[in-house]
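**Student:** Residue numbers (the working numbering), protein chains in the order written: chain A, 3 to 355; chain B, 3 to 355. My structure is below; once you've seen it, I'll send some questions.
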DNA sequence: TTTGGCACTCTACACAATGGAGTGCTAAAC
DNA sequence: GTTTAGCACTCCATTGTGTAGAGTGCCAAA
């Protein structure tokens with residue numbers, strides 16, 4: 003491996019041609035194929051020499067002696083970083099997407115579903131959308147709906163229109179008007195607070211002068227504490243599972259199965275996304291190729307993922323998962339664009355408070 | 003085919019043995035195997051004669067000349083209807099399940115998720131749960147949460163703790179207190195009504211004497227109409243997808259794919275469940291075997307499904323999907339039991355109004 | 001009516017033979 | 001020095017052949 007040596011122009015062009023070809027055909031590409039496709043004429047023999055260099059550098063490899071070459075993960079890496087053409091989403095496509103965002107969103111969940119479905123349809127890969135980090139939501143409204151026998155449905159509406167709910171058991175018998183009073187109290191105190199601040203505030207009433215406040219805060223905390231807790235796991239929307247069946251590399255059941263396992267386990271997906279977009283990410287699109295990603299079960303595939311932002315603050319991730327032989331250029335431009343749209347709508351939702 | 007002729011005792015015993023064996027081994031079973039397993043001694047040759055009869059009747063068939071026999075869909079049918087031993091769920095298992103239902107349910111969604119996960123774990127098949135028919139829910143509470151710029155989040159809580167919501171645009175500018183007034187009006191009028199009655203009632207205000215009522219009703223209708231509409235599609239919970247990978251008949255990608263397609267398309271699942279449990283079903287457990295079910299993509303598998311009841315009224319379906327070579331006995335007893343539990347908890351939730 | 005025996009059929013598996021694609025190397029051409 | 005034609009070589013994929021094994025159907029004897 004002599005990866006430190008910079009590529010010559012010729013090597014670049016040929017590596018690019020190999021990867022472009024492989025991406026569309028899914029078959030190991032030989033020197034003859036490249037020779038025919040290239041702009042400046044070179045014989046297959048000359049191409050072979052270059053290919054041999056590229057192999058030594060670790061960018062391509064042969065499945066077996068008498069086969070053509072296929073890109074390695076590091077090969078894709080230089081392709082993604084230096085060689086691929088950056089494309090923009092077609093204007094017409096842009097308008098089409100924007101139109102959908104305008105018309106199709108009736109509730110928060112629609113937004114995530116639309117985003118993931120859209121991305122899976124446009125890219126033909128499997129799309130994932132992670133719901134926003136809890137810290138970026140603030141409390142908009144608290145509602146207590148009395149149910150039977152001392153139980154209450156506790157509803158929490160957040161600034162973006164998200165809902166948390168749970169059935170809680172009242173710690174003491176309460177009349178309807180007392181419950182109303184509690185709800186009013188909670189709404190007044192918690193309005194526009196983050197979950198963490200709300201928790202802290204409620205706790206602070208413990209040594210309050212006003213015994214009424216103290217009592218209400220204690221009641222409120224017992225009803226809300228679980229909803230306000232960091233429960234870690236965020237929901238992940240996943241669309242376009244079926245697309246992997248169209249990828250020849252996943253015709254094989256043994257390769258397919260681990261990937262489907264990842265799709266089924268939200269926990270793994272979350273881990274994967276968290277790894278790509280760790281905290282407040284400054285970058286736009288993150289690409290993890292094959293072995294670069296942390297899940298053993300996803301070593302055969304790549305993920306292209308972007309943070310989306312609410313009011314400038316990265317709060318969640320959206321992206322696509324496909325074979326390492328992915329149309330990185332198209333995928334990343336689409337992911338970036340849809341992430342932008344999603345963030346835009348979410349910001350609008352949360353903004354006009 | 004001479005399916006009308008009743009089976010002799012010997013034919014029954016042998017058919018039962020064949021199916022029981024095939025269910026556990028997944029391999030075509032030959033006369034020798036049966037001869038060894040049977041209680042009363044018969045030579046393979048005699049068994050072959052009976053098998054020949056059973057084949058002529060259409061209950062078993064040979065994959066090829068020199069193979070043993072496997073049950074046909076009609077074979078499974080007589081097995082399910084007449085031959086299989088009806089088993090009860092072990093008492094210990096029952097207690098375990100009941101315990102889970104007591105402890106794990108914080109909100110309505112948990113209930114469906116628990117039921118489907120439980121069933122998939124217990125049976126090792128894929129489990130589905132359809133949410134209740136809209137007609138069985140009544141309105142418990144309406145909440146209007148003002149969002150930015152003339153938008154409102156409309157929340158509808160039902161008697162079982164279900165939630166419908168949408169972001170609606172106010173048809174006219176309203177102050178916060180006007181919105182509160184509207185919410186109070188809606189809660190007073192719609193309390194405990196079904197969706198259909200609510201729709202009808204709101205419409206009836208059109209020729210009301212009181213102009214204030216008329217105005218509020220019109221506003222309310224514009225905000226609620228979409229939520230109250232029959233939107234047809236019910237949500238379907240699905241758990242244990244990965245279990246089909248353990249079934250040898252689905253090792254083959256061509257058999258696997260259509261089934262996964264069904265799993266991914268809630269519409270198809272709904273159709274399947276609707277077909278098995280049409281309307282207010284008197285029966286307990288419905289079993290559809292292979293070609294008996296209406297979906298082409300599910301011709302290779304069986305479904306065991308039961309309605310669950312809220313207050314005695316069947317309102318949704320719960321069941322498992324697996325290969326036609328299914329452990330029908332165990333599956334149906336478990337489905338029935340879990341359906342009972344689910345209905346029980348739902349009834350409790352809705353009951354104490 | 002039951003059963004042992006036997007010929008027959010078909011699959012699954014292993015093994016060899018063949019064709020084709022693609023390479024690496026070398027020596028000649030530019 | 002770089003490029004290219006030629007050639008031997010390697011390996012896969014496909015096809016065909018042979019064999020062992022499982023199971024059947026049928027017949028004649030018990």
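All C-beta atoms in this analysis are idealised placements derived from N, C-alpha and C, irrespective of residue type, glycine included.
When you compare each of 34/A, 60/A, 30/A and 93/A to residue 67/A by their alpha carbons, which one comes out closest?
**Tutor:** Among 34/A, 60/A, 30/A and 93/A, the Cα nearest to that of residue 67/A is on 30/A.
**Student:** Do you know offhand how far residue 15/B's Cα is from residue 76/B's?
**Tutor:** Residue 15/B and residue 76/B: Cα-Cα distance of roughly 16 angstroms.
**Student:** What would DSSP say about residue 104/B, mapped onto helix, strand or coil?
**Tutor:** In this structure, residue 104/B counts as helix in the three-state DSSP scheme.
**Student:** Between residue 131/A and the rest of its own chain, which residues show a CB-CB distance below 6 angstroms, the 5 nearest in sequence each way excluded?
**Tutor:** Correct list, in chain order: 114, 117, 118, 239 and 320.
**Student:** Please tell me whether residue 20/B has its Cβ less than 9 angstroms away from any Cβ of chain A.
**Tutor:** Output row for residue 20/B: interface = no.
**Student:** Residues of the segment 173-195 of chain A in Cβ contact with chain B at a cutoff of 7 angstroms, in chain order, please.
**Tutor:** So nothing in the stretch comes that close.
**Student:** Pick from 189/B, 274/B and 181/B: whose alpha carbon is nearest that of residue 160/B?
**Tutor:** Answer by Cα proximity: 189/B.
**Student:** Using a cut-off of 8 angstroms between C-beta atoms, extract the partners of residue 243/B located in chain A.
**Tutor:** Under the 8 angstroms cutoff, chain A gives 262 and 266.
**Student:** Per the contact definition of three or more C-beta pairs closer than 8 angstroms, is the segment 169-176 of chain B in contact with the segment 187-205 of chain B?
**Tutor:** Touching, no, given that fewer than three Cβ pairs across the two stretches are closer than 8 angstroms.
**Student:** Go through the segment 259-317 of chain A residue by residue and report every complete run of the beta strand (DSSP E) that reaches 3 residues or more, in order.
**Tutor:** List check, beta strand (DSSP E) in window: 288-290 and 303-312.
**Student:** Between which two residues does the alpha helix (DSSP H) harbouring residue 330/A extend?
**Tutor:** Run containing residue 330/A: 330-353, per the alpha helix (DSSP H) assignment.
**Student:** Measure from the C-beta of residue 354/A to each C-beta in chain B and report whether the shortest distance is under 9 angstroms.
**Tutor:** For residue 354/A, the predicted model reports a pLDDT of 46, less than 50, meaning its position is unreliable and no value from the coordinates is stated.
**Student:** Here's a check: name, in chain order, each residue in its chain whose Cβ is nearer than 8 angstroms to the Cβ of residue 122/A, leaving out the five neighbours to either side.
**Tutor:** Only 128, 129, 241, 242, 245 and 322 meet the Cβ criterion.
**Student:** Name the residue from 166/A, 52/A, 302/A and 148/A whose alpha carbon lies nearest to the alpha carbon of residue 227/A.
**Tutor:** With distances taken between Cα atoms, residue 227/A lies closest to 166/A.
**Student:** Could you pull out every residue in the same chain whose Cβ sits closer than 6 angstroms to the Cβ of residue 302/B, ignoring the five residues on either side in sequence?
**Tutor:** Around residue 302/B: 257.
**Student:** Tell me the rounded alpha-carbon separation between residue 351/A and residue 151/B.
**Tutor:** Distance between the alpha carbons of residue 351/A and residue 151/B: 10 angstroms.
**Student:** Sort out for me which residues DSSP pairs residue 323/B with in a bridge.
**Tutor:** In DSSP, residue 323/B forms a bridge with 128/B and 305/B.
**Student:** If you draw a straight line from the alpha carbon of residue 61/A to that of residue 268/A, how long is it in whole angstroms?
**Tutor:** C-alpha separation (whole angstroms): 33 angstroms.
**Student:** In angstroms, rounded to a whole number, what distance separates the CA positions of residue 93/A and residue 274/A?
**Tutor:** Cα-Cα distance, rounded: 31 angstroms.
**Student:** How do the segment 43-63 of chain B and the segment 19-35 of chain B stand: do at least 3 beta-carbon pairs fall below 8 angstroms, yes or no?
**Tutor:** Output reads yes: the segment 19-35 of chain B touches the segment 43-63 of chain B.
**Student:** What is the rounded straight-line gap between the Cα of residue 223/B and the Cα of residue 187/B?
**Tutor:** When rounded, the distance between both Cα atoms is 12 angstroms.
**Student:** By Cβ distance below 7 angstroms, which residues in the same chain neighbour residue 329/A in space, the five residues on each side in sequence not counted?
**Tutor:** For residue 329/A, where only same-chain residues beyond five positions count, the Cβ hits under 7 angstroms are 25.
**Student:** Can you find the residues in the same chain that come closer than 7 angstroms, C-beta to C-beta, to residue 13/B, ignoring five residues on each side of it along the sequence?
**Tutor:** The residues are 52, 55 and 56.
**Student:** Once DSSP output is grouped into helix, strand and coil, what is the label at residue 92/B?
**Tutor:** Residue state, collapsed to three classes: coil.
**Student:** Taking the alpha carbon of residue 81/B as the point to measure from, which residue in 97/B, 133/B, 23/B and 41/B has its own alpha carbon closest?
**Tutor:** Of 97/B, 133/B, 23/B and 41/B, the residue nearest in Cα terms is 23/B.
**Student:** Thinking residue 261/A and residue 125/A are a contact (beta carbons under 8 angstroms), I'd like their distance in whole angstroms, please.
**Tutor:** Contact flag wrong, Cβ pair sits at about 16 angstroms.
**Student:** Do residue 154/A and residue 225/A count as a contact pair if the criterion is CB distance below 9 angstroms?
**Tutor:** Contact flag set, yes.
**Student:** Should residue 297/A and residue 270/A be called a contact, given that it needs their Cβ atoms to be closer than 9 angstroms?
**Tutor:** Yes; because the gap between Cβ atoms is below 9 angstroms, this pair is in contact.
**Student:** Please state whether the Cβ-Cβ distance between residue 78/B and residue 334/B is less than 9 angstroms.
**Tutor:** The answer is no: Cβ separation not under 9 angstroms.
**Student:** Closer than 7 angstroms, Cβ to any Cβ of chain B: which residues of the segment 129-156 of chain A, in chain order?
**Tutor:** Cβ contacts with chain B: 142, 143, 145, 147, 149, 150, 151 and 155.
**Student:** To be precise: take each residue of the segment 106-128 of chain A, compare its Cβ to all Cβ atoms of chain B, and keep it if any distance is under 7 angstroms. Which residues remain?
**Tutor:** For the segment 106-128 of chain A, which is checked against every Cβ of chain B, the residues closer than 7 angstroms are 108 and 109.
**Student:** Less than 8 angstroms separating the Cβ of residue 116/B from some heavy atom of the ligand FAD?
**Tutor:** Only the bare structure without any ligand can be found here, which leaves the ligand FAD out of the picture.
**Student:** Quick one: which chain A residues come within Cβ less than 9 angstroms of residue 165/B?
**Tutor:** Residues of chain A passing the Cβ test: 155, 157, 165 and 167.
**Student:** From this set, 326/A, 344/A and 105/A, which residue's C-alpha is nearest residue 316/A's C-alpha?
**Tutor:** The option with the nearest alpha carbon to residue 316/A is 344/A.
**Student:** Give the DSSP-derived three-state secondary structure of residue 236/A in the structure shown.
**Tutor:** DSSP places residue 236/A in coil when its eight states are reduced to three.
**Student:** Contact check, residue 312/B vs residue 138/B under 8 angstroms by CB: the rounded distance?
**Tutor:** Sure, about 5 angstroms apart at Cβ, within 8 angstroms.
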